[in-house]
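Undergrad: Just passing along the structure, written as structure tokens.
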Amino acid sequence: MHQFVAHASVYESDLIWTHSEIKVCFAESSQASLTLYGGMNHKLNGLPDPENIRTSPLPFREWIKTVIQKNFRAESTGIYFSGWEDCQIENGKINSDAVVFTIPAKYMSFPGLSSIGQGSRLLEKKSHNHLDLPSYIIFSIENGRTQKEQEYIFIHEFGHLSGLRHETVRSAEAAQDPFCGRLPQAKLSTLTSEPLGYSRTLMAKKYDPISIMNLCPYFISRKTKEDVFYFSKTELTAFQKLGLQTFELTHDSEENQFFWEPKLSSQDIRLLSCLYARNPMHGHTDCQKI
Ligand SMILES: [Zn+2]
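In the numbering used here, the protein residues as written are -11 to 278.
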């Protein structure tokens, strides 16, 4: 959900947290400099100017919290998010792992963006700048989104904050994915040209067309404002070739129908559980087999 350019810097690296409870707070414009966001060159990285940050409206905060707590749970994913209050500053630092900002959509060209990285509380796989500052998520506020689109954006960005990358980075598989096949070629090219970089967290699982980190279903649904997909036999066969069983796609519905729902897929949950619940300190090495 980032702009392409943002991927080149600290975002979407091969980092996971060393602990399972990630403390989140809601911050204001003046607190941006106390996060990883403040250390960035905003213009160069395609980021909105921090002065456009607005206080997150209360219903929006409650919505984010509800959706995220429903999806990321200690007993299923291992990683979970707590806090959800205004950011507090102690000794000149924000005392949370991650900070949520909101910005009116007119100042932002994408619906959400997330970084991951906070010094000693992360397993660091390569050198980064500003790792002693909290990670951040920015959501743009816009009235025109459907509830599902908005919830997809929430979960997707918290997926990034958990260390997950876009499925479409695996361009060969994405080219076989029927959801991606419905996108205009130019759009798909942007998604699949993202550099793979360090992404062992992603490689620990097979390509997943219905992962929350797969942008193709989201973009189609956003375009058509439909959340029901009908598949041809050829498309269903293509899903099977990617390793997705038809029942995973169409459970509780007709054979060729898929109801798009923004939630962590069963593979997303297995991966997060492997990274955080089963092996929280040493990360992905044991997750290669899932
Ligand atoms: Zn994304």
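From the three backbone atoms N, C-alpha and C, an ideal C-beta is built for every residue, glycine too.
Could you tell me whether the Cβ atoms of Ile125 and His148 are closer together than 9 Å?
TA: yes
Undergrad: In chain order, what residues of the same chain lie with their CB nearer than 8 Å to the CB of Val216, ignoring the 5 residues before and after it?
TA: Gln245, Phe246, Phe247, Trp248
Undergrad: Looking at C-alpha atoms only, which residue of Pro166, Tyr68, Gln164, Ile91 is the closest neighbour of Phe146?
TA: Tyr68
Undergrad: Which of the three DSSP states is assigned to Glu78 in this structure?
TA: strand
Undergrad: Within the continuous beta strand (DSSP E) that includes Pro92, where are the two ends?
TA: 86 to 92
Undergrad: Cα separation between Ser209 and Trp72?
TA: 29 Å
Undergrad: Who does Ile67 pair with in a DSSP beta bridge?
TA: None, per the DSSP bridge assignment.
Undergrad: Helix, strand or coil, according to DSSP, for Gln233 in the structure here?
TA: In the structure shown, Gln233 sits in coil (DSSP, three-state: anything other than H, G, I, E or B).
Undergrad: Taking DSSP as the reference, what is the three-state secondary structure of Arg210?
TA: helix
Undergrad: Determine the direct distance from the alpha carbon of Thr6 to that of Leu111, and round the result to whole angstroms.
TA: Confidence is the limiting factor: at Leu111 the pLDDT is only 43, short of 50, which leaves the residue's position unreliable, though a coordinate-based value still follows. The alpha-carbon of Leu111 is positioned some 6 Å away from that of Thr6.
Undergrad: From His116 to Glu243, what distance separates their C-alpha atoms?
TA: With a pLDDT of 44 at His116, under the threshold of 50, the modelled position of that residue is not reliable, and no figure is offered here.
Undergrad: Would you check whether ligand 1 has a heavy atom nearer than 8 Å to the C-beta of Glu73?
TA: no
Undergrad: Assuming Val12 is part of the beta strand (DSSP E), what are its boundary residues?
TA: 9 to 14
Undergrad: For Leu259, is the beta carbon positioned less than 8 Å from some heavy atom of ligand 1?
TA: no
Undergrad: Does the distance between the C-beta of His148 and the nearest non-hydrogen atom of ligand 1 fall short of 8 Å?
TA: yes
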